[in-house]
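Notes follow the structure.
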Amino acid sequence: MPTVYTQEFKQRALRLMEDHLHHTQCSQWSAAQEVGTKLGISPHTMRGWLKQARRDAGTEPGATTDELEELRRLRRENRELRRANEILKTASAFFAAELDRPSPK
Numbered sequence: 207m208p209t210v211y212t213q214e215f216k217q218r219a220l221r222l223m224e225d226h227l228h229h230t231q232c233s234q235w236s237a238a239q240e241v242g243t244k245l246g247i248s249p250h251t252m253r254g255w256l257k258q259a260r261r262d263a264g265t266e267p268g269a270t271t272d273e274l275e276e277l278r279r280l281r282r283e284n285r286e287l288r289r290a291n292e293i294l295k296t297a298s299a300f301f302a303a304e305l306d307r308p309s310p311k
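Numbering-wise, the numbering used here puts 208 at position 2 of the sequence shown, and it's gapless, one number per residue.
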C-alpha cells in the first residue's frame, strides 16, 4: 500500500523543491532527486507533486486536484447508476415474463 503523506508535509517538500529550483537553476528532475533523497521520497513522487501543485495554481496546463476529484466522483456515480440500471432491466424482464405466463383457472 502506498505511503500517505500529510498535506502539510507535501507543502513543505514542495517549498524545499521550489527553493532548490530557484537557487540552483537546475532541472525539475535534479531538484526532485536532491530534495526527495533528503526527505526519503521518490523523485517521481516529488515531481508529480510539483506538477500537480502547478496545475492547481494555473501555471501549468492540466486538470486541477478539484477537477480530478470531481471526475473520480462522477465516474463512481456513473458505475453505480449503470449497476442499478442493470438490476432494473433484470427485474423488469422477470416481471414481464410473469405477466406473459397464462394464469391458472
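Even for Gly, the Cβ is constructed at its ideal location relative to N, Cα and C.
Note that the coordinates shown come from a computational prediction; the quantities given were computed from them, not determined experimentally.
Check for me: the alpha helix (DSSP H) holding Glu292 runs from which residue to which? Position 86 of the sequence shown, counting from 1, holds the residue named residue 292. For Glu292, the enclosing alpha helix (DSSP H) covers residues Thr271 to Asp306.
At the level of alpha carbons, what is the spacing between Ala237 and Ala269? Counted from its first residue, the sequence shown places residue 237 at position 31. Counted from its first residue, the sequence shown places residue 269 at position 63. Whole-angstrom Cα-Cα distance: 23 Å.
Using the rule of at least 16 other Cβ atoms within 10 Å of the residue's Cβ for burial, across every protein chain shown, is Ile247 buried or exposed? Reading the sequence shown from its first residue, position 41 is the one you call residue 247. By the C-beta density criterion, Ile247 is buried, having at least 16 other C-beta atoms within 10 angstroms.
Could you check where the alpha helix (DSSP H) with Gly242 kicks off and where it finishes? To locate residue 242, count along the sequence shown from 1; it is residue 36. Unbroken alpha helix (DSSP H) run through Gly242: Gln234 to Leu245.
Smallest Cα separation from Pro249: which of Ala259, Asp306, Gln234 and Pro308? Within the sequence shown, residue 249 is the residue found at index 43, counting from 1. When each option's Cα is compared against that of Pro249, the closest is Gln234.
Assign Gly242 to one of two classes, buried (16 or more other C-beta atoms within 10 Å of its C-beta) or exposed (fewer than that). Indexing the sequence shown from 1 puts residue 242 at position 36. Label assigned to Gly242: buried.
Which of helix, strand or coil DSSP assigns to Pro249: Start at 1 with the first residue of the sequence shown, and residue 249 comes out as number 43. Helix, per DSSP.
Tell me whether Gly264 sits in a helix, a strand or coil according to DSSP, three-state version. Translated into the one-based positions of the sequence shown, residue 264 becomes position 58. Looking at Gly264 - three-state DSSP - the assignment turns out to be coil, as it is neither helix nor strand.
Grab the span of the alpha helix (DSSP H) containing Met223 for me, first residue to last. Counting from one through the sequence shown, the residue named residue 223 turns up at place 17. Boundaries of the alpha helix (DSSP H) harbouring Met223: Gln213 to Thr230, taken from the DSSP string.
Alpha carbon to alpha carbon, how far is Asn284 from His228? Give it in angstroms, no decimals. Counting from 1 along the sequence shown, the entry for residue 228 is found at position 22. Counting from 1 along the sequence shown, the entry for residue 284 is found at position 78. About 44 Å.
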